[in-house]
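Here the protein sequences come in this chain order: A and B.
Each residue of the first sequence is one higher than the one before, counting from 1 in the UniProt record's numbering.
Each residue of the second sequence is one higher than the one before, counting from 1 in the UniProt record's numbering.
2 protein chains.
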Amino acid sequence: MNEATIELSVNAAARREADNPRSLVAAIGKPLKLESGSTLAPLRIAYQTYGVLNRDRSNAVLVCHALTGDQHVANVHPVTGKQGWWSTMVGPGRPVDTDRFFVICSNVVGGCMGTTGPASTDPATGEPYGLSLPLVTIRDMVDAQALLLDHLGIPDLFCAVGGSMGGMQVLQWAARHPDRVFSALPIATAAKHSAQNIAFHEVGRQAITADPDWRDGRYLLEGSIPRKGLAVARMAAHITYLSEPALQTKFGRNLQDRDRRTFGFDADFQIESYLRHQGASFVERFDANSYLYVTRAMDYFDLGADHGGSLAAAFKGTKTRFCVASFTSDWLFPTEGARQVVHALNAAAANVSFVEIATDKGHDAFLLDVPELFATTKGFLDAAAKVRGL
Amino acid sequence: MNEATIELSVNAAARREADNPRSLVAAIGKPLKLESGSTLAPLRIAYQTYGVLNRDRSNAVLVCHALTGDQHVANVHPVTGKQGWWSTMVGPGRPVDTDRFFVICSNVVGGCMGTTGPASTDPATGEPYGLSLPLVTIRDMVDAQALLLDHLGIPDLFCAVGGSMGGMQVLQWAARHPDRVFSALPIATAAKHSAQNIAFHEVGRQAITADPDWRDGRYLLEGSIPRKGLAVARMAAHITYLSEPALQTKFGRNLQDRDRRTFGFDADFQIESYLRHQGASFVERFDANSYLYVTRAMDYFDLGADHGGSLAAAFKGTKTRFCVASFTSDWLFPTEGARQVVHALNAAAANVSFVEIATDKGHDAFLLDVPELFATTKGFLDAAAKVRGL
């Protein structure tokens, strides 16, 4: 394929997407060498694109999704029928402006929205992988994305951006493929997962594996779904995404039926009903084994440890421009973790700015309508685009 | 019974206890009128005592236990074989000095260590109550304790003291039976349960009821135990008892097997292994239905709402001496909730002191070796004892 053909095919695919929220799927010919030492092949990567790749192929923005996110950033979600998870951030005239940038988002390896994951069919057996899929890490997710860029003929990223686990991927991109990331915007994230966060993930995994319908991970083969366990995992996690003040403001002690306690175990309080709904709707769109794999990938993330215990070493010699953003009320990824990243980047003499955004919206703020985050993102991308001549 | 006989029998019982950690059980003749409108009869209350009731019966200290605590405050626990949960606080020469005070602790109504609860036999059917036991509240727990005092011939308490749900009972005692509480020491608690705390409880309840071995609450009849669900509930709750810095210091990202990740779902991290142990050991000593009942009682607690929306009204005209204590790193019952209690007590012109203790031990600090808490307790009790002429 010559350059013009690549450009044409990528953009034609993008235009098809506008009419059809089903994802593109790249069949990657090259095996993915995993951090565990195993190899994953064949590898399929499901992705969405928005906007048009320019002639220089210099305007690609990779959006990295979070634990339970997926590639449906700014289109109607094919399962839920809801707007994409970052449709306020990504689109024409939005902070990540699809009139200027070619935006790519791929489902992570280990995920369940089309990219190879535990629910995918293992061609060697003709059955779903289940737990026979090798464990994947954040590094493996990023290496899979790099293979996707190779596949698309995109040499490097103008920007890698994402929140939470997406932010981990952004940091990993900058450390692992420094020459392929012009700018990086990690949001509400950290360079390693904390003990408390590992603990919450472990509770979720225990809830799933405690469900007899999980069937030792073989539920797809045996025709069951560990709905209850997965719902409990989601409920526990969901609490950590919101701040205590936000819960207080949104729900407080409000009853479902005003002034009436049932003196029973129904969902008397609105917060109970809300959580139950979160759990029940999650199981309709997410695979339980994927939840095990992707939480494990986050637990394993420790970029400093991967570089001899020095986070600064991970970014040695970096030319990437960084903007690190955190939220005051985020107790899952508190500002302290962002500061550690910034200190390491400073120690590596990197070009870095740091914004702590005041909000009571908690960790979920990166997904919500937070004007300061939009302004930060737009400002950072505009400045970087100027330097890059976009 | 004349007074001397009562004194003798109470103290003889206390002496028997020293040799035998099995609890005394009071069969309460009077039905317990519950907040729900139901009546509970017969009512049995299991309790422990330490020290000797004085001739004036003026030195009784009621220790109120927390969610998963019980009456075994300062003796070897009959199930776990471990020292009582507050043996550092209660005993000869300890801050709650059993050489001076007659200490009582009773298992709460709804509990599972001998007091009437869902695992008790319903005399009407000859089967365990299960979910047919009416729901109980913090007020019901306190009214049951008041009936126990009547039974023991103890007119009033020199002090009511407890942490977490124990502190809720202390506040409820002062509001409900103001003439029977000379002094009150609520620790690490609040006058109402927050939305976040209700949310965590709901996750625990969902984990239990999702377990097929729960059998719609009839597991005792059907010979099963919802071990996995109860363990998950305990694990989720346990995270909230510790502070993030304490988890970081105690476990951080330490691996079980130094420097070796298994790239699987075993308990690679020490924090995972610790949580699994907490879950597994809890199911050996606690009843799943009791967990539902007692968490629900905490959720329902809102002392201000019970008094027309004014917490100050709950304490109107109080003569009780209060000391309110909180811990800086307690995110389950943060200092803010303690402050609200203190403000209400001030508005009610109560005699109140307030101590916020700096510690990184989180909510569990009330159970741990925290010298400032011991000093606060001893100082408050000594001063109150002086006023009372003890």
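Idealized CB from N, CA, C, for every residue including glycine.
Beta-carbon separation (whole angstroms), residue i vs residue j, contact threshold 8 Å
i	j	result
B/M141	B/H201	At roughly 16 Å, the Cβ-Cβ gap does not stay under 8 Å, so B/M141 and B/H201 are not in contact.
A/T98	A/G51	4 Å
B/S310	B/G317	With a Cβ gap of about 13 Å, B/S310 and B/G317 do not count as contacting.
B/A191	B/V341	5 Å
A/G162	A/V63	6 Å
residue 454 of chain B	B/G217	Because residue 454 of chain B is not part of the residues shown, which for chain B are 1 to 390, the question remains open.
7 Å Cβ cut-off: residues of chain B touching residue i
i	result
A/F354	Going along chain B, no residue has its Cβ under 7 Å from A/F354, so there is no contact; the nearest lies around 21 Å.
A/R205	F265
A/R296	F265
A/P212	P212
Euclidean distance between Cα positions of residue i and residue j
i	j	result
A/L292	A/R205	6 Å
B/D282	A/S290	Sequence check: residue 282 of chain B is Phe here, not Asp. Going by the C-alpha atoms only, they are around 29 Å apart.
A/Q284	A/V108	Just to set this straight, residue 284 of chain A is Glu in the shown sequence, not Gln. When rounded, the distance between both Cα atoms is 19 Å.
B/L135	A/G264	6 Å
B/A12	B/K319	In this prediction, B/A12 has a pLDDT of 48, which is less than 50 and means its spatial position is unreliable; nothing more can be read from the coordinates.
A/A146	A/K33	12 Å
B/T5	B/V370	Caution applies to B/T5, whose pLDDT of 43 falls short of 50 and renders its modelled position unreliable; the value that the coordinates give is listed next. Looking at the two C-alpha atoms, the distance is approximately 40 Å.
A/P155	A/I239	40 Å
A/A27	A/Q83	27 Å
A/P118	A/K250	36 Å
B/A280	B/V232	9 Å
A/L381	A/F101	10 Å
B/R16	B/S58	For B/R16, the pLDDT reaches just 42, beneath the cut-off of 50, and the residue's location in the model is therefore unreliable, leaving the point undetermined.
B/D306	B/Y300	10 Å
B/S164	B/D268	32 Å
A/F366	B/H65	41 Å
B/D257	B/E272	12 Å
B/A375	B/A60	20 Å
A/D70	A/D287	12 Å
A/K386	A/L53	17 Å
B/V294	A/G337	36 Å
A/Q172	A/R139	6 Å
B/A74	A/A350	58 Å
A/A312	A/V355	19 Å
A/R321	A/H343	15 Å
B/K378	B/L185	11 Å
A/T80	A/H277	14 Å
A/V203	A/A195	12 Å
A/W86	A/T121	29 Å
Proximal residues of chain A, C-beta to C-beta of residue i below 9 Å
i	result
B/Y300	R261, F263, D268
B/K316	Residues of chain A passing the Cβ test: none, with the nearest at roughly 22 Å.
B/E284	Chain A residues near B/E284: none, gap ~17 Å exceeds 9 Å.
Selection from the options that minimises the alpha carbon distance to residue i
i	options	result
B/L275	B/F158, B/N346, B/R234	B/R234
A/S329	A/S243, A/D97, A/R22, A/N346	A/S243
B/C323	B/V63, B/C159, B/R261	B/C159
B/H77	B/R22, B/P123, B/R321	B/R22
A/P212	B/G217, B/K228, B/R218	B/K228
B/N254	A/F366, A/T295, A/I198, A/L230	A/I198
residue 437 of chain B	A/T262, A/D268, A/D266	In this structure chain B extends from 1 to 390, so residue 437 of chain B is not present and cannot be described.
B/A384	B/Q256, B/W173, B/L24, B/V96	B/V96
A/L149	A/L171, A/Q48, A/E127, A/H277	A/Q48
A/D302	A/G126, A/M168, A/Q71, A/A74	A/M168
residue 402 of chain B	B/D56, B/H151, B/H72, B/C105	Nothing about residue 402 of chain B can be read from this structure; chain B reaches only from 1 to 390.
B/L332	B/R388, B/A237, B/D259	B/A237
A/I357	A/I187, A/D143, A/P245	A/I187
A/K361	A/T115, A/W86, A/T39, A/P245	A/P245
B/L40	B/R339, B/R260, B/A144	B/A144
DSSP beta-bridge partners of residue i
i	result
B/I239	None, per the DSSP bridge assignment.
B/Q48	B/C105
B/F322	B/A184, B/V352
A/A60	A/F102
A/L40	A/L32
B/P128	B/T121
A/A338	DSSP lists no partner for A/A338.
A/F327	A/I357
Neighbour list for residue i in chain A, Cβ cutoff strictly below 7 Å
i	result
B/A195	L247, Q248, F251, G252, R253, I271
Under 8 Å by beta carbon: chain B residues contacting residue i
i	result
A/K192	R253
A/S36	F263
A/A347	Near A/A347 there are no residues of chain B at all, since even the closest Cβ is about 21 Å away, more than 8 Å.
A/I239	Q196, A199, F200, V203
Interface residues of chain A facing residue i [CB-CB closer than 8 Å]
i	result
B/K33	The contacting residues do not exist; B/K33 stays about 13 Å from chain A at best.
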